[in-house]
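Visitor:
Numbering (our numbering), first residue to last: 1 to 246.
#1: My output table needs one value for residue 28: the three-state DSSP class, helix, strand or coil.
#2: Three or more beta-carbon pairs under 8 Å between the region 98-107 and the region 135-150, yes or no?
#3: If you pair each beta-carbon of the region 151-164 with each one of the region 75-86, do three or more pairs fall below 8 Å?
#4: Keeping to the same chain, check which residues put their C-beta closer than 8 Å to that of residue 219; ignore five residues upstream and five downstream.
#5: Please state the DSSP three-state secondary structure of residue 183.
#6: Tell me the DSSP secondary structure of residue 38 in three-state form.
#7: Quick one: grab the DSSP three-state call for residue 225.
#8: Whole angstroms are fine: how far does the CA of residue 61 sit from the CA of residue 183?
#9: Should residue 113 and residue 46 be called a contact, given that it needs their Cβ atoms to be closer than 8 Å?
#10: Nearest to residue 225 by CA position, among 22, 32, 16, 181, is which residue?
#11: Below 8 Å on the Cβ atoms is my guess for residue 59 versus residue 229; work out the distance and round it to an integer in Å.
#12: Using three-state DSSP, classify residue 104 as helix, strand or coil.
#13: In angstroms, rounded to a whole number, what distance separates the CA positions of residue 35 and residue 54?
#14: Could you tell me the distance, in whole angstroms, from the CA atom of residue 57 to the CA atom of residue 107?
#15: Should residue 123 be listed as close to the ligand SAH, given that the test is whether its C-beta is under 7 Å from any heavy atom?
#16: On the DSSP bridge list, what partners appear for residue 237?
#17: Find out if the Cβ-Cβ distance for the pair residue 172, residue 223 is shorter than 8 Å.
#18: Enumerate in chain order the residues of its own chain whose CB-to-CB distance from residue 127 is below 6 Å, with the five nearest sequence positions on each side excluded.
#19: According to the Cβ coordinates, are residue 165 and residue 147 closer than 8 Å?
#20: For residue 42, I'd like the list of residues in its chain whose CB is within less than 6 Å of its CB, leaving aside the five on either flank, ordered along the chain.
#21: Exposed or buried, what is residue 20 when buried is set at 16 or more other beta-carbons lying within 10 Å of its beta-carbon?
#22: Check whether the Cβ atoms of residue 32 and residue 76 lie closer than 8 Å to each other.
#23: Report buried or exposed for residue 248, applying the criterion of at least 16 other Cβ atoms within 10 angstroms of its Cβ.
#24: What residue from 209, 227, 203, 210 has the CA that sits closest to residue 25's CA?
#25: Which residues in the same chain have their Cβ closer than 8 Å to the Cβ of residue 95, if we skip the five residues on either side of it in sequence?
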C-alpha cells in the first residue's frame, strides 16, 4: 500500500530477536513454513523471469526483491515443493506454485516469507514493520476514530495502536488479494485487538471486519500480532469457517 513509504525504519533494532520471533511459529498455525533473515546476509539469486520486475529498480529495491524471493523459495521448499523463479504479475503480486499460498515482507534490513499448502490454509499474509512512533496526523488515513480509540484503549498508547492497525491491515490485504483479485483501502477493513504481545510474550489475536465480509462467508480471516522492541509483526490467515487452524 502507498502509506508504507511513510513508515520510518530504525536500523538499530535487534535483528536476531525479530528473526527468532518470526521463526518461532507464534504468528501462524501448524502447517505454515516461515523463513526470515537479514537482507545483507541472504545469498540471493535472481531468475530471468524475475528480472522483468527489476528493469528500472533501484539498488535498494533490487536487494529487497531478491532477498524476499530467496526466503520465499526456502519457505516453500521446506513444505516439500521445489520452486525456482517466482515472477510477478502486472499488479506486482507474486506468482506462487500451484497449490501454495505465500506472502513476503521486508522492513529495514529484515526480510521474511511464509508459505503453506492450500489444503491447510486458503490464503496467508505477513507484515513486518520496523518503525518509530508515527504522528497522529496519519491516523485518518489508516483507521477510523472509533477503531483507533478502541485500539489505543487496549494498548494504552496511541502511537503503538496506530502502528499495529497499519501492519494488521497490510497483512490482511496480502491474504485478501489472492482470493479476490482486488485491493482494499485502509478504511475498508476494521481491526480488533486485545492486550498483550509485549516484548517476548505470546502473540495476541486479531479480528477483522470489512463492509462486504458477509458476502465472503464461510471464509474465516484470523490474525496474530507481536511486538519485539519497536518492531510490529503480524500474521493473517484465511481458512474455511469451521476448520481448525490452531
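Using N, Cα and C, we set each Cβ at its ideal position, and we do this for glycine too.
Keep in mind it's a predicted model, so treat the numbers as computed, not measured.
Guide: Inspection of the coordinates gives the following:
#1: The three-state secondary structure of residue 28, taken from DSSP, is coil.
#2: No: fewer than three Cβ pairs fall under 8 Å.
#3: With the cut-off at 8 Å, the region 151-164 and the region 75-86 do not touch.
#4: The beta carbon of residue 219 sits closer than 8 Å to those of 122, 179, 238, 239, 240, 241, all from its chain and outside the five residues before and after it, given in chain order.
#5: Residue 183 falls in the coil class under three-state DSSP.
#6: It is a strand residue.
#7: Strand, per DSSP.
#8: The alpha-carbon atoms of residue 183 and residue 61 are separated by roughly 22 Å.
#9: In terms of Cβ geometry, residue 113 and residue 46 do not form a close pair [threshold 8 Å].
#10: The candidate whose alpha carbon is nearest that of residue 225 is 22.
#11: The Cβ separation is near 27 Å, so there is no contact.
#12: DSSP, read as helix, strand or coil, puts residue 104 in strand.
#13: Between residue 35 and residue 54, the C-alpha separation is close to 23 Å.
#14: If you take the alpha carbons of residue 57 and residue 107, they lie about 17 Å apart.
#15: What this structure holds is no ligand at all, so the ligand SAH is not there to describe.
#16: Residue pairing for residue 237: DSSP places it in a beta bridge opposite 124, 222.
#17: Residue 172 is a Cβ neighbour of residue 223, given a cutoff of 8 Å.
#18: These residues qualify, in order along the chain: 105, 167, 170, 171, 234.
#19: Yes, these two residues count as a Cβ contact at 8 Å.
#20: The residues are 67, 70.
#21: Here residue 20 is exposed: its Cβ has fewer than 16 other Cβ atoms, across all protein chains shown, within 10 Å.
#22: No, Cβ-Cβ distance for residue 32 and residue 76 is not below 8 Å.
#23: Residue 248 is absent from the structure shown; the chain starts at 1 and stops at 246.
#24: The residue with the shortest Cα to Cα distance from residue 25 is 203.
#25: Around residue 95: 86, 87, 88, 89.
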